[in-house]
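Chemist: Pasting in a structure now, in structure tokens, and then I'll have a few things to ask.
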Amino acid sequence: MPTRMSHLFVRTLREDPADAEVESHKLLVRAGYVRRQAPGIFAWLPLGLRVKARVEAIIREEMERAGSQEVHFPALLPREPYEISGRWTEYGDNLFRLHDRKDADYLLAPTHEEVFTLLVKDLYNSYKDLPLSIYQIQDKYRDEARPRAGILRGREFTMKDAYSFDIDDEGLGISYQAMRDAYERIFARLGIEFVIVKADAGAMGGSRSEEFLAPSPIGEDTFVRSPGGYAANVEAVTTPAPPAISIEGLPAPVVFDSPNTPTIDTLVALVNDRHPREDGIAWTAGDTLKNVVLALIHPGGRRELVVVGLPGDREVDLKRAEAAFGPAEVEPATELDFAKHPGLVKGYIGPWSPAGAVLGAESVTGIRYLVDPRVVAGTSWITGANENERHVLGLVAERDFVADGIADIADVRAGDEAPDGSGPLELARGIEIGHVFQLGRKYADVLGLKVLDENGKLVTVTMGSYGIGVTRIIAVIAEAHRDDRGLVWPQSVAPFDIHIVSTGKDEQVYSEGERLAGEFEKRGCDVLLDDRVKVSPGVKFGDAELIGVPIVVVVGKGLVDGVVELWDRAAGTRNRVPLGEIVDAVVALRS
RNA sequence: CGGGGUAUAGCGCAGCUUGGUAGCGCGCCUCGUUCGGGACGAGGAGGUCGGGAGUUCGAAUCUCCCUACCCCGACCA
């Protein structure tokens, strides 16, 4: 039986909802796929549910093909596992917390690493049981500070999350690759353009992690790519260090007065005026060393000041800093911080002063000093002398000052060289639709997931976690597959395969629509039939275009000539087709 | 959490400056006409004007407080 527009639970809207900003959000609401219930929380109507079911079906097929088995955990979970892993506190305000009648703590799970790990621990204890890959499709809850763009970033969202369990790193690598391959197939089938980028492994340390991003101007992630194939989230870009320079024969540092040089620009102007380079080339901002004071707030609340030295033509990228210093939070130092550290002369901070080392573990302040990777041994800098209105020229790294380490947190710019030498980087925005991650033993360690190996020794299992944002994907597809009249779904996820529009006052257009629907269904197609009488053609056409079934068959005025009209929404074509050929024509379009 | 904005019928909005008993379009219901691009006529249903307090003879409109939501940033599949 076809689904009839006369009965379908839907109301299309003529105007854009006032609270929608991005096109996918407007269209999904206007076409009657979803309705907002609360900020970032949506109800799914029949059309939306059908799309969601088809997306999920594709994911399930490819997960099974990759050897993963489906399970299902509750969204509502007790506090304990998250307490053990530390996330009860780490997740902070983003966690939806609630209490049962006995006042025990519960949460709406933001992700399920803990309970997956614990269930495997419960059931398995031998290397013979591994490798194992299990997944679920489940709603997740995160109390986002700011939900955005409809279902693109909600507080409730559906996610496919998979976890792999292996006895050793080699096994993890194989499991990871299998999942990565599956993701490529899934996104290809969904009709999503994507790039795979190196992701920030964050506090987990050296683990391999990649994100699948759908390039989009409304994306919240910035990534880079090079002509030679390098691609990374901007947070994960590593800056290549130039070769060290011999310090032999470099002139000694010169301290000079530098009144009224509150900015890098004014400093550069003053230096060019009073201390021009001997080779006649002008000094630039890149010749200065800017020392930025940051406050790190460590888990538990300890506040630590660090100073980061970077070329004066660069800014600190706070996102990159968060990634580099995680799990600590990063913020610019406040007046209060400066007050507590009188050794720092604001505006003239530098690692060195005529009195000796200012920054670094061995210095008078003891403040940790980290430098940009470009600040290699032998490079010479103009920087603050740590005395009021005085700078120093020719301060040489590794000769005049020593850093405690590297901090790769300067902003990444278009034109920067890729770390693998594959050419200049370009920047773009993307929406994160999937993430594959070699977790390693982080969760297995804290939750005690160990198995006996073939020598009878207990070994900790190594894990991977792999996520796909199911509801987010629907927004991404809607964003990419539309025209100025409405949605245009890829065939693989469309709510119906064919939309038949019967229009006209002649009863025959309705009986013929019914008959055609039956014909298409015999060919295995899901059919939406617009059988509404007393609805004008314009309304029916408008609804069909808004709803976005990719193939529309119009049974109308052409019927007296034995002709119907076939719309191919994706191609933008409309062709008159003899009634006897329409089934084959549609089948041809669908293959 | 910082900045900006909005809140009046199911949806989109006007009315507020200059207080006087609530309005437009769409949608919805009835009847008739119409039927290939969001038709037409006639009739109708539907609103504690976000909440509270105040000023006033009288408040959607003026004052104060609160709340919710949206957008931009900070934060995250």
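Residue numbers (my numbering): 310 to 900.
Each residue gets a CB set at the ideal place from its N, CA and C atoms; glycine is no exception.
Note that the structure is predicted; figures quoted are calculated from it, not measured.
(1) For R498, which residues from the same chain have a beta carbon less than 8 Å from its beta carbon, with the 5 sequence-adjacent residues on both sides left out?
(2) Using a Cβ distance threshold of 8 Å, determine whether the region 837 to 855 contacts the region 803 to 810, with at least three qualifying pairs required.
(3) Indicate whether F351 and R345 have their beta-carbon atoms separated by less than 8 Å.
(4) According to DSSP, simplified to helix, strand and coil, what is G773?
(5) Excluding the 5 residues flanking D328 on each side, which residues of the same chain have their C-beta closer than 6 Å to its C-beta?
(6) Take R899 as the anchor and find which of T426, V721, V858, I606 has the nearest alpha-carbon.
(7) Compute the Euclidean distance between the alpha carbons of L337 and E330, then round it to the nearest angstrom.
(8) Among the residues of its own chain, which have a CB less than 7 Å from the CB of P440, if the five just before and after it don't count?
(9) Counting only runs that start and end within the region 667 to 704, where is the beta strand (DSSP E) found for 3 or more residues in a row?
(10) Please name the residue in D729, I742, G357, A487 whose C-alpha comes closest to that of F496.
(11) Under the rule that 16 or more other beta-carbon atoms within 10 Å means buried, what is V895, buried or exposed?
(12) Can you have a look at T692 and say buried or exposed, based on whether 16 or more other CB atoms are within 10 angstroms of its CB?
(13) Would you give the residue range spanned by the beta strand (DSSP E) that P456 belongs to?
(14) With 16 other CB atoms within 10 Å as the buried threshold, where does L576 fall?
(15) Given a threshold of 16 other Cβ atoms within 10 Å of its Cβ, counted over all protein chains shown, does P549 qualify as buried or as exposed?
(16) Less than 8 Å separating the beta-carbons of G871 and L888?
(17) According to DSSP, is L385 part of a helix, a strand, or is it coil?
(18) Check each candidate in D709, Y657, Y752 and name the one with the smallest Cα separation from N569.
(19) Taking DSSP as the reference, what is the three-state secondary structure of Q817?
(20) Note down the Cα distance separating Q486 from V745, rounded to an integer number of angstroms.
(21) Rounded to a whole number of angstroms, what is the C-alpha to C-alpha distance between L461 and R699?
(22) Is the separation between the beta-carbon of V563 and that of L702 shorter than 8 Å?
(23) Straight-line CA distance for G732 to E638?
(24) Would you tell me roughly how many angstroms separate the C-alpha atoms of I505 and A540, rounded to the nearest one?
Modeler: Let me spell this out:
(1) Excluding residues within five positions, the ones whose Cβ falls inside 8 Å are I367, E371, S801.
(2) With a cut-off of 8 Å, the region 803 to 810 and the region 837 to 855 count as touching, because enough Cβ pairs lie within range.
(3) Yes, the Cβ-Cβ distance between F351 and R345 is below 8 Å.
(4) Under the three-state reduction of DSSP output, G773 falls in the strand class.
(5) Nothing meets the Cβ criterion.
(6) Here the closest residue by C-alpha is V858.
(7) Between L337 and E330, the C-alpha separation is close to 12 Å.
(8) So the list reads S473, F474, D475, G480, S484, once near-sequence residues are dropped.
(9) DSSP runs (the beta strand (DSSP E)) wholly in the region 667 to 704: 677 to 680, 689 to 696.
(10) Per the C-alpha coordinates, the member of D729, I742, G357, A487 positioned closest to F496 is I742.
(11) For V895, the number of other beta carbons within 10 angstroms of its own is at least 16, and it is reported as buried.
(12) Note on T692: 16 or more other CB atoms within 10 angstroms of its CB, so buried under the neighbour-count rule.
(13) That residue, P456, is in no beta strand (DSSP E); it is neither H nor E in DSSP.
(14) By the Cβ-count criterion, L576 is buried, with 16 or more other Cβ atoms from all chains shown falling within 10 Å of its own Cβ.
(15) That one is exposed.
(16) Contact flag set, yes.
(17) In this structure, L385 counts as strand in the three-state DSSP scheme.
(18) Of the candidates D709, Y657, Y752, the one whose C-alpha sits nearest the C-alpha of N569 is Y657.
(19) Reduced to three states, the DSSP call for Q817 is helix.
(20) Q486 and V745 have their C-alpha atoms spaced approximately 9 Å apart.
(21) Straight-line Cα distance between these residues: approximately 51 Å.
(22) Contact flag set, yes.
(23) In this structure, the alpha-carbon of G732 lies about 33 Å from that of E638.
(24) Rounded to the nearest whole angstrom, the C-alpha separation of I505 and A540 is 7 Å.
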